[in-house]
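Numbering (the numbering used here), first residue to last: 1 to 425.
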RNA sequence: GGAGGGAUGGCCGAGCGGCUGAAGGCGGCGGUCUUGAAAACCGCUGGGCGGCGACGCCCCGCAGGUUCGAAUCCUGCUCCCUCCGCCA
């Protein structure tokens, strides 16, 4: 959510940002609504002030055992008029709220202008895609032949866009989770947390998934709970409605969770394999920091995610999402894309964003400035470190051998009981 | 699931319907004292909205209601705690 005052005073700038985001939203009517609200407010508050003063006077009179009945009579009438005047406010305020909640974050000035994915500039590339001397298989064929990925059984158990991992496949998934968490906690200074895998609607409002993106979520029937689509939701909301001490910042947390996404509107996209699933594992990194630090923290966060790929020796590149491709709550996002041999292209495996104070304002995440004692909104950031399912895809495909077996990356072997190669049982 | 008890500021904790945005304590900040620190003493110390400002308004779990006036009374909801039952 943007600051109401900022929107009021910078309508042209906000509309320019919306245009750059290729958003169809306009601020038509916003200023009129805001004006109406303030006029009403002045009127109502004036009446309240009068009522408060009179009530005090009545209290004084009664303590002095004097008659206050005439004043009380007058106040009864005022009170009724006040109720009428107040009645319109909630409607206006609800409309204002809807307006504000629908406005996406302002893109950072360094975010390049562009319409979509194809306009995202490449920031850097690491590693060289391996040249295979044999026809490459994709992870579905590799996984089926090795009997470590079973999509058919998953369909029977649940349905499409689910996966059943078995044997070395399940072990690989578990090893990756442990490996990623260990690197982030032991070497990058993050605190490991294991949050609930469901969160209430207040939390989803806090990080911006609600009210706009409910159709992407799985709701637990008959409750106010939704399955988490990313650990960002439960972990960022750890500090919702809190005023943090400045010296505790930056807060750096990492969490493993499964992620549940309805993937509405992605029919026909990535239907094969485990690139796009309703449920996938992910290790997430979340930071809460001072506004002055957030730009630098985004760079570090992105590097923390890249480090995992470097350790796994998987070729990747980093792109900056352009204004047309950036997420609703994000001010700036780097996507890390890993090389997928079967597709001959890079695919997103991590998304690292700074939300500036956009989430913090919604979730009321503040900190107390040591010097002034003033409370300020914190900045929030998060990034995948990494999406585990897609890492499995990348490893199977990049480390495949001609005979259909798959080498285990050096860094993972200690996590897999020393296993150096995945072969059919 | 059944029966009780509770929800007040950064924390603990008072609060007959008017003098309570809220006693008192702790913590924090500033000062006196001290070579320095501690102790002692003094003062300050919640969040938000509107206004250039003086100032005004809102907030005692949430939402309604009663009343001239609600932290205090009433209704509904949410959450927490204790005991019993069930259960990984």
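C-beta atoms are modelled at their ideal positions from N, C-alpha and C, and glycine is treated no differently.
- Bridge partners of residue 383 according to DSSP: 285 and 352.
- Beta-bridge partners assigned by DSSP to residue 338: 316 and 347.
- Annotated as distal: residue 385 and residue 303, with beta-carbon spacing of 8 Å or more.
- In the pairwise beta carbon analysis, the stretch 251-263 is classified as touching the stretch 229-241: at least three pairs are separated by under 8 Å.
- Per DSSP, the continuous alpha helix (DSSP H) segment holding residue 178 begins and ends at 168-182.
- Spanning the alpha carbons of residue 93 and residue 4 requires a straight line of approximately 12 Å.
- Runs of the alpha helix (DSSP H) lying entirely within the stretch 61-95, each at least 4 residues long, are 69-87 in chain order.
- Beta-bridge partners assigned by DSSP to residue 253: 191 and 286.
- Taking the C-beta atoms as reference points, residue 231 is found no nearer than 8 Å to residue 207.
- Scanning its chain for C-beta atoms nearer than 6 Å, with the 5 sequence neighbours on each side dropped, one finds around residue 117 the residues 325, in chain order.
- When the beta-carbon positions are compared, residue 226 and residue 1 stay at least 8 Å from each other.
- Within its own chain, the residues whose Cβ lies closer than 8 Å to the Cβ of residue 276, once the five positions on either side in sequence are excluded, are 161, 263, 266, 269 and 270, listed in chain order.
- Inter-segment contact for the stretch 66-77 and the stretch 132-144 is absent: fewer than three beta-carbon pairs are separated by less than 8 Å.
- Per DSSP, the continuous alpha helix (DSSP H) segment holding residue 157 begins and ends at 151-157.
- Note that the stretch 211-223 does not touch the stretch 307-315; fewer than 3 beta-carbon pairs, one per stretch, sit closer than 8 Å.
- Secondary structure in the stretch 91-146: the alpha helix (DSSP H) runs of 4 residues or longer, each lying completely within the stretch, are 139-146 in chain order.
- A residue is called buried once 16 or more other Cβ atoms fall within 10 Å of its Cβ, and residue 24, having fewer, is exposed.
- Residue pairing by DSSP puts residue 242 in a beta bridge opposite 365.
- Per DSSP, the continuous alpha helix (DSSP H) segment holding residue 311 begins and ends at 294-311.
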